[in-house]
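Trainee:
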Amino acid sequence: MELRHLRYFITLYEELHFTEAAFTLGISQPTLSQQIRVLEDAVGAPLFHRRGRTIAPTEAGKILYEHATQITRELAYANEAIQDVTAGARGLIRVAALPSDLDYRLTDALVAFDKRFPQVHVRIFPSVQIAEQVMNDEADIGIGLVQPATSSLVIEPFYEETYSLYVHTSDPLATRSSVTIDDVAQSDLLLFPPGFTGRQLLDDWASERGFTLAPKMETGSATSLLQLVNRAVGTTIQPASLINLPINESVRAIPIDDGPVRELALLYRSDHYQTRAKRALLQQLLETFHAPRPS
Numbered sequence: 017m018e019l020r021h022l023r024y025f026i027t028l029y030e031e032l033h034f035t036e037a038a039f040t041l042g043i044s045q046p047t048l049s050q051q052i053r054v055l056e057d058a059v060g061a062p063l064f065h066r067r068g069r070t071i072a073p074t075e076a077g078k079i080l081y082e083h084a085t086q087i088t089r090e091l092a093y094a095n096e097a098i099q100d101v102t103a104g105a106r107g108l109i110r111v112a113a114l115p116s117d118l119d120y121r122l123t124d125a126l127v128a129f130d131k132r133f134p135q136v137h138v139r140i141f142p143s144v145q146i147a148e149q150v151m152n153d154e155a156d157i158g159i160g161l162v163q164p165a166t167s168s169l170v171i172e173p174f175y176e177e178t179y180s181l182y183v184h185t186s187d188p189l190a191t192r193s194s195v196t197i198d199d200v201a202q203s204d205l206l207l208f209p210p211g212f213t214g215r216q217l218l219d220d221w222a223s224e225r226g227f228t229l230a231p232k233m234e235t236g237s238a239t240s241l242l243q244l245v246n247r248a249v250g251t252t253i254q255p256a257s258l259i260n261l262p263i264n265e266s267v268r269a270i271p272i273d274d275g276p277v278r279e280l281a282l283l284y285r286s287d288h289y290q291t292r293a294k295r296a297l298l299q300q301l302l303e304t305f306h307a308p309r310p311s
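According to our numbering, the sequence shown holds residues 17 to 311 in order.
(1) Whole beta strand (DSSP E) runs in the stretch 165-245 with 3 or more residues, listed along the chain?
(2) Express the C-alpha separation of Leu241 and Val31 in angstroms, rounding to a whole number.
(3) Would Asp220 be called buried (16 or more neighbouring beta carbons within 10 Å of its own) or exposed?
(4) Could you name the residues of the same chain whose beta carbon sits closer than 8 angstroms to that of Leu256, not counting the 5 residues immediately before and after it, in chain order?
(5) Alpha carbons only, please: which of Val136, Arg139 and Ala165 is nearest the one belonging to Glu148?
(6) Quick check on this structure: which residue in Phe305, Glu265, Asn264 and Lys131 has the alpha carbon closest to the alpha carbon of Leu282?
(7) Quick check for students: name the residue ranges of the alpha helix (DSSP H) that lie wholly in the stretch 238-306, counting only runs of 4 or more.
(8) CB-CB under 7 angstroms to Asn264, same chain, minus the five flanking residues each way: which ones, in chain order?
(9) Report the three-state DSSP secondary structure of Thr74 (helix, strand or coil).
(10) Under a three-way DSSP split, which group does Pro142 fall into?
(11) Taking 8 angstroms as the threshold (beta carbon to beta carbon), is His137 in contact with chain B?
(12) Reducing DSSP to helix, strand and coil, say where Phe64 ends up.
(13) If I follow the unbroken beta strand (DSSP E) through Ile109, where does it start and stop?
(14) Measuring straight from C-alpha to C-alpha, what distance separates Gln315 and Arg132?
(15) Cβ of Gly107 within 8 angstroms of Cβ of Val136?
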């Protein structure tokens with residue numbers, strides 16, 4: 017059994033079609049069929065049920081797939097570790113983050129990180145399924161709300177902040193030092209749509225206090241929500257730190273009595289090799305979010 021046999025097998029297992037798998041691998045279909053037969057001879061059991069033009073994995077195939085994917089992952093991690101030592105800090109780090117509202121903090125972290133690791137490519141993308149993407153190897157690092165950890169998923173709480181009610185300066189609430197839950201409930205709210213992590217936190221907070229949020233308008237961009245407030249369309253509930261964004265002076269952030277609180281965490285796989293650059297980015301995020309933002 018050779019590594020290429022496992023690579024061929026994994027591709028066929030995931031495609032479940034010889035022609036498509038052969039195309040993906042860049043080999044001919046007869047070659048793929050012959051190599052799978054070699055692998056079946058090596059393990060002493062058929063790996064696929066062949067039903068005309070369709071195939072399905074046997075129990076032996078399912079077992080081999082579980083171990084084969086683990087083997088190829090471990091080899092990839094080993095190669096990554098070796099490259100980390102021999103080639104220096106370079107490569108790609110993928111970061112899944114909550115949409116929009118983390119942008120300004122991430123900018124500070126990226127600027128500092130780039131000065132130390134200019135050869136490392138960092139790709140940040142918005143997500144509301146952060147834990148799933150980290151566990152599915154679609155992201156190396158996640159920045160999301162605290163949630164239960166698992167045996168292979170590290171949840172490292174690193175930042176906590178309250179929410180404020182953002183109002184236009186013409187709003188009667190703008191002169192207040194704080195607002196009550198009743199004030200929030202009676203406002204023309206502009207919120208994230210259902211399904212967004214930040215919206216779920218707010219809905220849970222309201223439900224625990226006996227009322228339901230009934231937004232006037234919904235959009236998935238925190239920047240858009242703040243711009244709507246700036247145009248006196250309504251009010252929004254957002255993390256207090258967003259007042260540091262370059263929004264118009266016509267917007268005020270008013271603390272909410274017994275308001276929502278979110279606890280952010282760094283998410284990453286415990287069973288993955290963490291390169292020097294990944295470890296440095298994790299540390300930079302910790303330092304940046306704990307540091308006071310310059311006024």
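Backbone N, C-alpha and C fix where the C-beta goes; we use that ideal spot for every residue, glycine too.
Mentor: Concretely, from the data shown:
(1) Entirely contained in the stretch 165-245, the beta strand (DSSP E) runs reaching 3 residues are, in chain order, 169-184.
(2) In the sequence under discussion, the amino acid at residue 31 is Glu, which differs from the Val named in the question. Glu31 and Leu241 have their C-alpha atoms spaced approximately 43 angstroms apart.
(3) When all chains shown are included, Asp220 counts as exposed.
(4) A small fix is needed here, since residue 256 is Ala in this sequence, not Leu. Closer than 8 angstroms at the Cβ level, and outside the excluded window around Ala256, lie Glu177, Thr178, Tyr179, Ser180, Ala269 and Pro271.
(5) Checked all of Val136, Arg139 and Ala165; the closest Cα to Glu148 is Ala165.
(6) Minimum Cα distance to Leu282 is reached at Phe305.
(7) Those alpha helix (DSSP H) runs which fall completely within the stretch 238-306 and span 4+ residues are 238-246 and 292-306.
(8) The beta carbon of Asn264 lies closer than 7 angstroms to those of Asn246 in the same chain, with the five residues before and after it left out.
(9) Under the three-state reduction of DSSP output, Thr74 falls in the coil class, being neither helix nor strand.
(10) In this structure, Pro142 counts as strand in the three-state DSSP scheme.
(11) Note that chain B does not occur in the displayed structure, where there is just one protein chain.
(12) The DSSP-derived three-state label of Phe64 is strand.
(13) For Ile109, the enclosing beta strand (DSSP E) stretches over residues Gly107 to Ala113.
(14) Examination of residue 315 is not possible in this model, given that the chain is present from 17 through 311 alone.
(15) Contact flag set, yes.
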